[in-house]
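Read the structure below first, then the notes.
In the working numbering, the protein residues as written are 11 to 617.
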């Protein structure tokens, strides 16, 4: 179980918050020493009389107060101790030379001492070796963080790549010491003993039991070091310093820390980006659902804004990371915005472009499959040529747009005939023979596409209704159903050869009567009912013929105003096949000539 106080504090500014660093104190400072140092720092800040040192921070009264509060908190004080310089002994009988040099600003001299002390004498790891390895790890890590942040803020000058090269060395040296401190058994044992001693000296009840606290802290140290580094990398990435990010990410991979710990740290640092992606997607999806007309705009905003975040995640995590895949797939679900738009306006061309923009972002197999299915469906719709809200639709003049929108609503309700009437009125003074030669986004060309869709819907609806009505049994069947006993008697007499009687009225069937077939049953009909049956069937054929001819005329007109509509061409072929089966004569010349527009006084869309 990680020590949460350390996890919470492990970011790129952990050293800038360190109370010992701000107050220029050793990590073993007592409460009295902390109060005295705070007063001294406040006086120096007010009089600007203090000489700066390499690890010094500009501290005002608020920063000094925060430093004091941190060192009063047992958890935060322990974090600050772990990431500050330790003395080589804890008995307090002799001063620590290296610590004094650090506090005096003589970092170079302290560094030389620690470099000399970090090598175990006769293979024995004593307090001096532990302090040297730990302090070098702190120094290198602190300097690396400071240089990165100052270089980013423009406070550090780079000379021919020298700073970046030295930064790489600082990170490498820091990782080397911390890995040694954690992985080498002798150093790890010495580290635990040191921390147990410090907890005993501090005597804080909140840190008890001391053994459990030390165990959790030591187990959390690898994650904490990587978290600090990952936070620096993320801070650089958010400001698009990709070269530095790439370098630091490579150093982290070669640091010696477990790959799982590196991934865990990076995922933790990038939760902010994951949350932001989720919020952006939710916001734009809600906006598109409330206003489908903005669906394409919302989808593109999701792709553009989240795309930048996804590129950041990919730089830090790698192309195959599960968190990146999860975030990418969530962004791809922005196709919901496009779906809302496409289903409302049938603007398949625009929908297809948006889907193709989204497709490269998909990582998961299910998401890719879903996008490909949507693309296939939209491509089929687009290739059909039937596209209501095509390019130029939104730019129609306001009065015309209002009428076309009214027609579109009727079209969506299945009232293609009424929609077609509105659109034909808009075409009152347009030469239809020249519509196909106009630019794609010309108002007349835009409305022509809408009219073709409305005419096809009108023809399809009328044909479907008429054919369904004609497929129902004649009304005589209903009469027979109402008098089943008479029908049974007539059928029995007919089969017995005794004499035919009408299955409806029971009268004798003369030579002008007929036999009606119902489900392979022969039912006799009298002259009157035979005539009624003939009239009903003739009326049905006439209605079907008129409907087929009218549908054919509408479809030919639709084909002429919008030749690219494949659904119209397919419908024409189907009607011609149906007419051939029913032996209905069609005027084939309709395919070649244009019918005159209804002369209705209205604003010309071509003007």
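Backbone N, C-alpha and C define an ideal beta-carbon position, used for all residues, glycine too.
Item	Value
Segment contact, 8 angstroms Cβ cut-off, at least three pairs: the stretch 138-145 with the stretch 198-217	yes
Given residue 22 as reference, the closest of 218, 389, 370, 239 once Cα atoms are compared	239
Residue 596 - DSSP class collapsed to helix/strand/coil	coil
Contact under 8 angstroms by Cβ, residue 406 with residue 433	no
Cut-off 7 angstroms between Cβ atoms - residues of its own chain near residue 364, not counting five sequence neighbours on either side	306, 309, 310, 348
Limits of the unbroken alpha helix (DSSP H) element including residue 195	195-212
Every unbroken alpha helix (DSSP H) within the stretch 415-461, with a cutoff of 4 residues, ordered by chain	426-436
Complete alpha helix (DSSP H) runs within the stretch 99-164 (minimum length 4 residues, chain order)	107-113, 117-127, 137-163
Environment of residue 485 [buried if 16+ CB atoms lie within 10 Å]	exposed
Residue from 313, 346, 554 with nearest C-alpha to residue 479	554
Entirely enclosed beta strand (DSSP E) segments - the stretch 543-592, minimum 3 residues	none
Residue burial classification, residue 15 (beta-carbon count within 10 angstroms, cutoff 16)	buried
CA nearest to the CA of residue 471, picked from 581, 595, 317	581
Counterpart residues of residue 524 in DSSP-defined beta bridges	535
Beta-carbon proximity check, residue 357 vs residue 299, cutoff 8 angstroms	no
Simplified DSSP state of residue 616, which is helix, strand or coil	Confidence is the limiting factor: at residue 616 the pLDDT is only 41, short of 50, which leaves the residue's position unreliable, though a coordinate-based value still follows. DSSP places residue 616 in coil when its eight states are reduced to three.
Identity of the residue in 263, 315, 294 nearest residue 283 by Cα	315
Where residue 511 falls: helix, strand or coil (DSSP)	strand
Environment of residue 82 [buried if 16+ CB atoms lie within 10 Å]	exposed
Reference residue 158, options 179, 145, 146, closest by Cα	179
Identity of the residue in 346, 565, 167 nearest residue 579 by Cα	565
Residue closest to residue 242, alpha-carbon to alpha-carbon, out of 156, 313, 288	156
Through-space distance from residue 343 to residue 186, alpha-carbon basis	43 angstroms
CA-to-CA distance, residue 209 to residue 228, given in whole angstroms	14 angstroms
Beta-carbon proximity list for residue 223, same chain, < 6 angstroms, skipping 5 on both sides	217
Anticipated Cβ contact below 8 angstroms, residue 557 with residue 473, distance rounded	6 angstroms
Inter-residue CB distance, residue 467 and residue 421 (contact presumed, cutoff 8 angstroms)	6 angstroms
Span separating the alpha-carbon of residue 334 from that of residue 264	22 angstroms
Through-space distance from residue 415 to residue 324, alpha-carbon basis	44 angstroms
Candidates 67, 43, 517, of which the one nearest residue 152 by Cα	67
Cross-strand partners of residue 518 (DSSP beta bridge)	511
Residue 480 - DSSP class collapsed to helix/strand/coil	helix
C-alpha gap between residue 483 and residue 449, whole angstroms	51 angstroms
Residue 308 (DSSP reduced to helix, strand or coil)	helix
DSSP three-state assignment for residue 188, whether helix, strand or coil	helix
Residues near residue 266 by beta carbon distance below 7 angstroms, same chain, minus five either side	185, 189
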